[in-house]
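Which chain is which? The protein sequence lines are P and U, in order. This note's numbering puts the first residue of the first sequence at 1, with every later residue one more than the last. This note's numbering puts the first residue of the second sequence at 1, with every later residue one more than the last. Glycine residues also receive a C-beta, built at the ideal position from the N, C-alpha and C atoms. Remarks on the structure that follows.
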Amino acid sequence: MKNNIKLILIGCLLILLSSCEKFLDEKPNKNLAIPSKLIDFQALLDNSTFLNTVDGASSEISAGDFYLSNADYLGLNNFYRNLYTWQRKEVFPDELNEWFLNYRIVYRANTVINALEKPQNFDDPAVAKNIIGQAYFYRAKAFLQTLYVWSNAYDKELSKSELGIPLRLNTDFNEPSKRETVELGYQQVINDLLKSIDNLPINNIHVMRPSKVAAYGLLARTYLSMRDYSNAKKYADSSLSLKSTLLDFNILNATANFPVPQFNPEVLHSTVIPSYPIINNSRAKIDPVIMNMFEANDLRKSVLFKINSDGSYGFKGSYDGSASLFSGVAVNEVLLIRAECLAREGKLSDALIDLNKLGVKRFKAGLYKNKESLNQEQVITWVLNERRKELIFRGLRWMDIKRLNKEGAGISLSRTVDNKDYKLNANSSGFALPLPDNLLILTSMEQNP
Amino acid sequence: MLFICIFSYKVQAQNLVNGRVVDNSGKGLQSVNIYYNNKISTSDSSGYFKLNLTEGKHRISFKSIGFFSKDSILTMPLKEDLIVVLQDNVAAIEEVVINTGYQKIHKTRSTGSFGIIENKDLNLQVESNLIHKLEGLVSGYNIDRKTNGAGGYGIMIRGLSTIRGSRSPLIILDNFPYEGDISNLDPNEVENITILKDAAAASIWGAKAGNGVIVISTKKSGFNNPLKVNVSANSKINQVPDLFYKPRISSSDMVDVENYLFDLGYYKSLESNIAQTPLSEVVETRIAQRDGIITTQVANAIIENLRSFDLRNEINDKVFRTPISQQYAFDISKGNNVSNWMLFGGFNNQIDELNNGNQKFNIRYANNFKLGSNVRIGSKIHYTIGNLSQGLPNVIDLNVSSGILPLYTRLYDDAGNELPVLRNYRKKYLDGLSNKGLLDWNYYPLSENNNIDYSNKTREFIGNLNVDFKLSNDLNLNASYQFSNQVGLIKNFYSEQSYFTRDLINRFTQIDGNGLIKYVIPKGEIRDFSSNDSERHNLRSQLNFDKEFGRHNISALVGGEVSMADLESTSSRFYGINSESLNLVNVDYVNAYKTFVNGSNAFIPNGNSLGGLNNRSISLYFNGAYTFNNKYTFSVSARRDAANTFGLKINDKWNPLFSSGFSWLASNEQFYKIDVLPYLRFRGTFGSSGNTDPSMSAVTTIIYSSVASPYTLSPQANFFNFQNPQLRWEKVYMFNLGLDFGFKNNVIKGSVEYFKKKSVDLFSLTELDYTTGIGNSIVKNAGIIGANGIDLEIVSNNLKGKLKWETYLNFSLSKDNVIKNYLANRSGRNFLTGNLSYTAIEGYPVYGLYSYKWAGLDPKTGNPQGYKDGLVSQDYAALTGNAVTVDDLKFHGAAFPKLFGSVGNNFSLYGLSLKFRLSYKFGYYFRKPSLSYTSLFSMRDGYGEYESRWQKPGDELFTNVPSNIYPANSNRDSFYAGSEVNVLKGDHIRIQYVNLSYNFPGKKFNQLLKNTNVFIVASNLGIIWRANKYGIDPDYKDIPISKSFAVGINGRF
C-alpha cells in the first residue's frame, strides 16, 4: 500500500516536471511579444507617436523667422527663453529632450536593421526589404536632424575634423557614445538613405510610412545642405520624376483655422514638430521681413498666415492641417531644391521653369506672371526667397542659414526681448547648439564651444 | 563498564510507577514533561505515564505549558497509582495555533516570527476594509498612505525590503494566495489573521514572500459542535471630508492675482489661442471691460462680488451629504462526529459624501466530513457580489483644461439655478456659438450624474476542495484545489444630455461653407462597457509527516504547487444609441476629421480594446522541524519557484530559497526555577525569501497597442522591455531573534524580537546615457539595502476581579539603510521630489527627506535665499542647478517612522467594557506643500500660505513665504519648495478608536441569548498631538480620513 502510493507520487512529480517547460512557456501577456516576425518590426515602425510626431523644434526656435512679445517671452519656461536667445546653458531639459527623441528613433531603427540585415532569410523577402528600407530612412533622418542642430554646417575640409554626433548603429546600450566627425555623420546619412532607396517601394501604403520617392527627396535635402548641388539635383530629379504633383492653393479655404489639408498630394513623407508653446501661433509672430516678401496676388499670405488683433501674423499653413508644424518631405521642397541646384549650375531657364511651376499654383488663378531673368544671382535670390516663403516653419531655415553662410551670405541673427539685445553672428560657433547639460555628466562627450 | 554496572544494579532495584497527570477538572493532560533523576519522560495523550524508580525518595517535577509546574517528593514503593493535579496557569500563553497557509503549528513549537490578530480584536472597529483595521493591532505593521511606491494597500511589514520593486506583502486567504480585491472580503467572516514576519515564517511562500505574508483564515465549524448562530449589525456615520484642511488661496486674493496678471498682459496669448482654453470669470470680465462691452463700473461690480464667494462652503452646503454605512452579518454552524458545516452571509452598504455607493454581499458555505477514519474531505464555496454606483463629481479638484477652478466659482446662482463651470473652452467662445446648430456646450457638474448611468459590478466565486488521506499514524497526504473566478463589468452610459456626449458630438460636428451641419459622431447616447474575467487554478499536493518517538518529535512536509491565472479584458464603446429601441449608429474610426474648435485633425475616439494575461508558476517546497524534549526545536525549509516570465531559461527560472531556525523553551528545563516567570522561550531564525516582478524581462519585448494605426490600418507596437540579460529576482535575507515570556498569573506576557534583514539584487534604476535611445535609466540588480529593528508586544493585566483592566502595548523600531545603490546622477534637485518617491542615497534611508539650505528671505525684496559655495545667493538657476549635488543638501531623516506602535486599554466592569487605543509614530519627516507662483499663475493653484507671503520689508521676520514676482520663476519656486523650511517632523499621536460595549449576561436575561453585545465605537478621532504647527496630518497625502461613529449589536444563540 505504502509503496504504491510512493510510486504514484513519484510518477506524478515526474509528469509535473517534464511538462514544466511547456507550461511555463506561455506568454504572460497576450499583447507582448519578443520581436521576431516581420509583423512585429512593421508594427514598431507604424507607431507614429514615436516616429512621425516627435521632430525637434530647436532649429525652428533658433532660426529667427518669428518673434515673441515681452509678456509671452516672460511667460515661457527658461529652456525656451534660453533657446530663443541663443544661450549656451540650460537650453534643453534633462528629460525627453530633442536629443533623446532623435536617438529613440535611432534605437527603434537599429532594432529593425539588426534583425532584418538579411531580408532573404524571411518568408517574404519583399516585405522584409520594405521594412528595413523604412528603418534606414528613419535612422538617416534622425541622424540628419541631430547633425543640423548640434554640428556646424558641412564643409569639405573642416568637416573631416569638426565634432559631429554619435553614430549608434546597434542596440547595445553598454557601448559608450562618442562624437564622430561631421564628415562621418553625413556619410552615414547618405549610406543609410541609399540603402533605404534600394529597399523601399516607390510609394508605400500611406505617407506616414517612408517610400523611395521620399527617400530621394531626403537625400536631395542632405546633399543640398552639404552644398553638393550636382548630387542634390540628381536625387531631386529622381524624386520628382516619380511624383511632382503640386497643390493648387486656389482650391483651399483661406479662412479655415488650418487651410492646408493633412496628407495632401504634395506630402511624400509626413512627420511633424509638435506645437510646443513657444511656436504655437498664439505666441510666435512672423518676422515682418518675410511678410513683406509676398506679392499682392500671392495666396500664401492668406492661406499660410492668420492676422492677429495687433496686426502681426501667425502661421497656420502647416501641411499637417493642424497646429503641429509639418517637417516631413514634400514635393514643393524637392522642387525648390532642384531649382536652386539648376540656378547654381547656371541652367537658369530650367530653374525658372521649376520656380514658375510652383508660383502658378500659389497665386490667384491667372494672375501669376512668369519670372524671367538671365542673371544667375537674380535667379538664385529668387529661389532662396521662394524657400523662405514656401518652406517657412518646416524646421529648414536653421540649416539654410548655416549653409548659406558657408556660401558667404553673411546672415547674422539678432533679437531684442525684455529690454535686452541678443545677437548671433554669421558663421559663429553658436550655430551649433550646446549638447544638453546632463549629457556631459552621463558621457564623456565634448560640449560644443 | 562502570555505567553498565550501575545501570544494571538500578534495573534490578526498580519499581514501576503508574501515574496520570490531570488538570483541575480531572481531564488527562498530554505531553507533560516529567523530570526525575536527570531523566525525562512525557505523559501520553490521556495523561498517563509510567516511571521506573528505585526504592527510596525521589524528587519529581511536572512541567507543562499553561500550568504551574509541580515538584513532588515520592517515596518508593508506592501503594497506589499516582495522580498528579496541575494547576491552571492562565498566565501561560494560550495554546495558539499558527496557520502559515501550508500547515498549522503550535506557537510553542514554531521558530519564526508571527503576529496574530483574532476576530474579537478586529471587531473593535467598524471598518469595511480589513487591511486598515490591522494597523496598530500588531507590531511591525505599518500602512503607508503617501508614497508613490505604496502600491495596493500600502502595507509595510517590518519596513522596506526593496527599493523600487513591489512592496505589497502576499495575502493568503484560506491557504491560497488571494489576488482579488481584499475589500471584497467581509471582516465579519474572518476568524483570525496571522502575519508572517520573518524569513522562516514566510519562506514557505518562497519567491513572493519577500515583503511578508498575511494569512487570513475564515470562520469554520468544528466537529461535535452544537448548533451555533451569530448575528451582528452595525451602522456608521462619517463626518464629511474637511475641505478647509488644505489651505488654498482665497477668492479675494485670487481676484487680485488675476487682476495683476491681466494688467501685465499675461492672458494676451491665451486669448488668441485657437484651442479656446477657458479663462476665469475675472479674466473674461476684464477682457469685456477692455473691449468696451461692459463699463468699468459693471466690471468692477462683478469682480468685487466674486470676492465673497467660497466654493468650499457651497460644496459643504449643497453637495455633500453625511457618509453612512451599514454592515449586517450572520453565521450558522453545526457539527456532529463525522461532518460539520458553516454558512456565512454578510451585507455591507456604504454611501459617501458625494453619494458614491458601494454595496457588497458575501455568502460562504463550508463543510467537512470524514470518510471512514482515514479520509477527510472539506469543501468551501464563496460568492461575493459587489456593486459600485457613482455620485457627484468632486468639484474642488475638478480638472479644467487650464488648471483648477478658482474658489470664487459658483455652482448655483442667487435664484438657485445651477450654473455652468469652466471646463474645456472659454465662455466667450461658447457664448458666440449659440445659433450654429451645436448642442449646448456648457458643463454643469452637479446635474451631470443625472445624465450618466454608471454601474460597476463585481462577482467573485471561490470554490475549494481539500482531501486529506491518513496514510499511517505519522503520514498523511493532503491534496487541495482551488478555483476562483472574478468577473467585473463596468458600464458607463452617457446620455445625449451629458456633457461627455455633448462635448464629443460638438467637437466632431462638421459645418460646411453653406452652413450644412454634419454630425460625424451621431446624436444619441454613448455607451462604454469594460469587463474583465479572471480565472485562477491552484493545485497543491503535500505530504505531511508528524512523528513522536520518545522525546523526539519530527514534523515535516514536502509538496508541490501549480498555479495558473488567466485574465481576459474587453472594452468597447458604442455611439449614437437610441436608448429606447437600442439601435445604434456606426462611426468612422478610419478617417480623421477636422475638429470644430481649432480645426485640427482627429480621429473619433475608439473605445475598443482586448487584453489577455496569463501567469503560471510551479513550486516545490519542503519544511521540517525537529523538537527534542519539547524544549528545543530546529527547523529548516527550502523552496524553489519557477514562473513564465519572459526571457529566462528554465534553469534560471528556478529560484531556490531556504531558511532554518531553532527555539528553546527554557521554562521547561528542570533547572528552570524562576517562578514569577513560568514561561520563557528563546528562538531564532535565518533565511531568505524573494520578491518577483513579473513585468521585468531579460529580453527585448514589445507590446502591441490595442488599436491599429489609424493611418496604415496595421498593428502598432512599442518597446516594453529592453534587453537586459542579467536581471534576476530580488532576494531578502532575514535574521530574527525572539524571546517569549509570561509572568506569573498572567500579569504581563509578551514577546520581544530583534530582526536584521538584508535585501540584495534589488532592482535599482541606473542612470543611462540616453543617446542609447532607450531612456535615461535602466534597471539593474544593483541595489542592496539593510534594515533592522525591534518588535515588542506586551499585554499586561493591571487589574483583575470585578473591574478588569488590561493594557496592550505594541512598539516597533525599524530603520532601513541603503548599502549600495548606484546614483549616476547626483543632482540634488532629483532628490527633492517631496516625500513621494525613493531617494536611495547610500548610507541613508531608502526614503529620505532632503532639502536646500535656507538663508531666509531677502529683507529688501522678499526673495528666498540659499547658499552657493558658502555664500548667500539668489541665483536660483544655480541654487537648483545640476551643480548642486546630493552632498550639498541637508538631510533631515527618513520618510517612514522609525518608531511606531500603539497602546490599547481595555476596562471592563460586569458586562460593560471600554476599549480604546492610541497609536503613535515618531522619528520621521515630511515635506509640506508650498506656494508656487508658477502654478498659481498658470493653473490658479495657489497654496493658502499666499496670504502670509512677504509683502514689505520686515515681513521676513514672520514669514518664509517668498514675495510675489512677475514673471514667475520656476527655479525660484522649486528652490523655495525644496528648502529646509518646508521639511517638517512627522511625529504624532492619534486616537485610533474608542469602543464602549455592554454584554448582556445570557442567563439573567434570556436563555436563548447566550451572549449579546451592544457597542458604540468612534474611529479615526484624529491627532491629539503632532510635532508640526501647521495642523497637517503627515500620514495623508490629501485630506485625512474623517471621524466616524458607529453603533452595533452582536448576538449569539
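Residue span of the alpha helix (DSSP H) that contains residue i, given as start and end
i                : result
Gln188 (chain P) : Val182 to Asn199
Leu242 (chain P) : Tyr229 to Leu242
Leu336 (chain P) : Val331 to Glu345
Met939 (chain U) : Tyr933 to Met939
Asp263 (chain U) : Ser251 to Asp263
Asn305 (chain U) : Thr296 to Leu306
Asn114 (chain P) : Glu98 to Ala115
Euclidean distance between Cα positions of residue i and residue j
i                : j                : result
Glu561 (chain U) : Phe23 (chain P)  : 13 Å
Val338 (chain U) : Lys470 (chain U) : 15 Å
Lys454 (chain P) : Ile190 (chain P) : Residue 454 (chain P) lies beyond the stretch modelled for chain P, which goes from 1 to 449, so this question has no answer here.
Ser64 (chain U)  : Pro226 (chain U) : 30 Å
Thr162 (chain U) : Tyr844 (chain U) : 14 Å
Gly786 (chain U) : Glu753 (chain U) : 17 Å
Asp740 (chain U) : Asn230 (chain U) : 34 Å
Ser177 (chain P) : Tyr822 (chain U) : 20 Å
Residue i versus the options, residue with shortest Cα-Cα distance
i                : options                                   : result
Phe549 (chain U) : U:Ser250, U:Thr42 and U:Ser619            : U:Thr42
Ala782 (chain U) : U:Gly165, U:Ile83 and U:Gly47             : U:Gly165
Tyr365 (chain U) : U:Val231, U:Lys220 and U:Leu388           : U:Lys220
Arg573 (chain U) : U:Asn644, U:Tyr494 and U:Asn506           : U:Tyr494
Tyr425 (chain U) : U:Arg826, U:Asn300, U:Asn337 and U:Ser272 : U:Ser272
Leu124 (chain U) : U:Leu739, U:Asn355 and U:Tyr998           : U:Tyr998
Arg248 (chain U) : U:Ser45, U:Ser932 and U:Glu806            : U:Ser932
Tyr266 (chain U) : U:Leu936, U:Asn960 and U:Tyr993           : U:Leu936
Ser764 (chain U) : U:Ser667, U:Phe755, U:Asn211 and U:Val779 : U:Val779
Ala296 (chain P) : P:Ser270, P:Asn332, P:Ala343 and P:Lys369 : P:Lys369
Run of the beta strand (DSSP E) containing residue i, from where it starts to where it stops
i                : result
Asn478 (chain U) : Leu475 to Tyr494
His58 (chain U)  : Gly56 to Lys63
Met156 (chain U) : Ile155 to Ile157
Met342 (chain U) : Ser339 to Ile351
Ser609 (chain U) : Ser609 to Phe628
Bridge partner(s) assigned by DSSP for residue i
i                : result
Asp740 (chain U) : U:Arg681 and U:Ser751
Asp453 (chain U) : U:Phe493
Ala33 (chain P)  : U:Ile702
Arg364 (chain U) : U:Phe344 and U:His382
CB contact check: residue i to chain A, cutoff 8 Å
i               : result
Leu82 (chain U) : Checking the listed chains, one finds no chain A in this structure; the protein chains it contains are P and U.
Chain P contact residues for residue i, given Cβ-Cβ distances below 7 Å
i                : result
Gln716 (chain U) : Ala43, Asp46 and Asn47
Asn514 (chain U) : None at all; the shortest Cβ gap to chain P is about 12 Å.
Chain-ordered neighbours of residue i on chain U, where CB pairs are closer than 8 Å
i                : result
Leu262 (chain P) : Correcting the residue identity first, residue 262 (chain P) is Gln in this sequence and not Leu. Result: Ala592 and Asn601.
Chain P contact residues for residue i, given Cβ-Cβ distances below 8 Å
i                : result
Lys268 (chain U) : Ser69, Ala71 and Asp72
Pro967 (chain U) : Leu74 and Gly75
Interface partners of residue i on chain P, CB under 9 Å
i                : result
Thr645 (chain U) : Leu24 and Pro28
Gly612 (chain U) : Lys27, Asn29, Lys30 and Asn31
Ser709 (chain U) : Ala43, Asp46, Asn47, Ser48, His206 and Met208
Residues that residue i contacts on chain U, provided the C-beta gap is smaller than 9 Å
i                : result
Tyr107 (chain P) : Phe719, Phe722, Thr772, Gly773 and Ile774
Leu442 (chain P) : Glu767, Leu768, Asp769, Tyr770, Thr771, Asn776, Ala824 and Asn825
Contacts that residue i makes with chain U (C-beta to C-beta distance below 7 Å)
i                : result
Ser327 (chain P) : In chain order: nothing, as chain U lies at least about 16 Å away.
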